[in-house]
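Worksheet for the structure shown next.
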């Protein structure tokens, strides 16, 4: 049995099985790149003028005779004489042999003769953004797995990427397990309960943009195997609620081994949710199997699965809590709280009282401090 800290460390090493899709560039903001963006030419692609002014061949000339004008977007023109100049606009291509651009604010121009009136000495290459200065053709401009922001959109557009390959969220299938579970629209017998865990997890995932489906597994190893095989054909992540403990009908661990999964960990020294299991397969499929009690599933889903699948295990702010229970010597505890006080409840099957909780606090084994990491639930 491992600690929650060890479990989180192991989860951070499991690759999230993202899918990829090609989308129009304008629809990719906030997504992760699934390809690298490469310079299709030098940047800038020509010696680019950085200021409105004149382009000159010789900065030592006492004056310059303006031979013409060059706008951005026009084919480049030549300066004919050594003391000649072209009036030039920002973004234009600097003529071949240009020694410098002199900005318009530093010039006096009368009868097409320009005189320098600036305060600082002229320098060769000033205000010329030289070809390839930012990046050479073939340079990787944005790496794979970069989150796409406004700058990345602009860079992709600059290299002509009207569509780009991005990571899309994994497809998730959620199973409830157990003969005691019936559907939401069924009338349960005295010994049965309606399925709540699946609906909780599915609603959260759908709200976060995942494609999530669900179904139920009876307490039959053969039926679990058949259903699991079928669902794995089209899904990347499987979530299971129940069937993972040590009961005679808890078939999930053996079925996962049959299906080619390797257990990363099974059982965490925590309360609730001790029997939690995580397994992976060489093809990238991942399984999270949670204990069946509603609060055990909720805690494991909220504390472990959601941070893992989002790629972000946060540093939780600490909160001072009143009326904490005596710490366990061996188990970390996830304790429901409301308005800074421990919430009274009747165990991990008590959804009714837990509904009042605004968060969980993490009390580590043997920890006597009343200031604990706080995980919001609402």
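Residue numbers (our numbering): 497 to 874. We treat Cβ as the ideally placed atom computed from N, Cα and C, and that holds for glycine.
Boundaries (first-last residue) of the beta strand (DSSP E) holding residue i
i: residue 709; result: 707 to 713
i: residue 869; result: 867 to 872
i: residue 551; result: 549 to 552
i: residue 737; result: 733 to 737
i: residue 581; result: 580 to 584
i: residue 566; result: 559 to 566
i: residue 518; result: 515 to 520
i: residue 776; result: 773 to 776
i: residue 785; result: 782 to 786
i: residue 668; result: 667 to 673
i: residue 636; result: 636 to 638
i: residue 760; result: 758 to 762
i: residue 500; result: No beta strand (DSSP E) contains residue 500, which is instead part of the alpha helix (DSSP H) from 500 to 508.
i: residue 604; result: 603 to 606
i: residue 833; result: 828 to 834
Same chain, Cβ closer than 6 Å to residue i, five either side skipped, listed in chain order
i: residue 553; result: 575, 578, 593 and 595
i: residue 785; result: 736, 740, 748 and 773
i: residue 734; result: 669 and 783
i: residue 449; result: This structure cannot speak to residue 449, because the chain is shown only from 497 to 874.
i: residue 589; result: 542 and 572
i: residue 580; result: 561 and 563
i: residue 551; result: 582, 584, 590, 591, 594 and 597
i: residue 850; result: 791, 832 and 841
i: residue 698; result: 670, 708 and 710
7 Å CB neighbourhood of residue i in its chain, flanking five on each side removed
i: residue 641; result: 528 and 529
i: residue 541; result: 627
i: residue 614; result: 602
i: residue 463; result: Because the chain in this structure spans residues 497 to 874, residue 463 falls outside the shown range and cannot be described.
i: residue 701; result: 668 and 708
i: residue 862; result: 823 and 825
i: residue 855; result: 833, 870, 871, 872 and 873
i: residue 807; result: 512
Best match in the options for proximity to residue i [C-alpha to C-alpha]
i: residue 873; options: 796, 605, 634 and 651; result: 796
i: residue 827; options: 770, 695 and 581; result: 770
i: residue 790; options: 705, 767, 811 and 812; result: 767
i: residue 645; options: 523, 780 and 840; result: 523
i: residue 779; options: 705, 732 and 751; result: 732
i: residue 558; options: 589, 587, 531 and 610; result: 610
i: residue 511; options: 860, 663 and 753; result: 663
i: residue 607; options: 841, 716 and 560; result: 560
i: residue 517; options: 531, 612 and 840; result: 531
i: residue 636; options: 849, 655 and 618; result: 655
i: residue 755; options: 775, 497 and 501; result: 775
i: residue 617; options: 587, 556, 499 and 525; result: 556
i: residue 777; options: 792, 841 and 753; result: 753
i: residue 781; options: 498, 757, 587 and 744; result: 757
Residue j beta carbon less than 7 Å from that of residue i
i: residue 651; j: residue 521; result: no
i: residue 633; j: residue 543; result: no
i: residue 597; j: residue 624; result: yes
i: residue 720; j: residue 713; result: yes
i: residue 869; j: residue 834; result: no
i: residue 831; j: residue 503; result: no
i: residue 694; j: residue 730; result: no
i: residue 546; j: residue 568; result: no
i: residue 631; j: residue 535; result: yes
i: residue 860; j: residue 839; result: no
i: residue 761; j: residue 506; result: yes
i: residue 549; j: residue 600; result: yes
i: residue 788; j: residue 843; result: no
Sequence-distant residues of its chain with Cβ nearer than 8 Å to residue i (five each side left out)
i: residue 573; result: 564, 566, 582 and 591
i: residue 648; result: 529, 533, 638 and 642
i: residue 653; result: 521
i: residue 837; result: 817, 818 and 819
i: residue 751; result: 717, 720, 721 and 724
Span of the alpha helix (DSSP H) around residue i
i: residue 750; result: 748 to 754
i: residue 793; result: 790 to 796
i: residue 803; result: 802 to 806
i: residue 661; result: No alpha helix (DSSP H) holds residue 661; the beta strand (DSSP E) holding it covers 659 to 664.
i: residue 722; result: 717 to 728
i: residue 599; result: Unbroken run through residue 599 is the beta strand (DSSP E), 596 to 599; no alpha helix (DSSP H).
i: residue 815; result: Careful: residue 815 lies outside any alpha helix (DSSP H), inside the beta strand (DSSP E) at 814 to 816.
i: residue 851; result: From DSSP, residue 851 is part of no alpha helix (DSSP H); its letter is neither H nor E.
i: residue 654; result: 646 to 654
Any non-hydrogen atom of the ligand GTP within 6 Å of residue i CB
i: residue 577; result: No copy of the ligand GTP occurs in the structure displayed, which carries no ligand at all.
Practice problem: Could you tell me whether the segment 655 to 671 touches the segment 704 to 718, where touching means 3 or more Cβ pairs closer than 8 Å? | Solution: yes
Practice problem: Determine, using beta-carbon pairs with one atom in the segment 798 to 805 and one in the segment 813 to 825, whether at least three such pairs fall under 8 Å. | Solution: no
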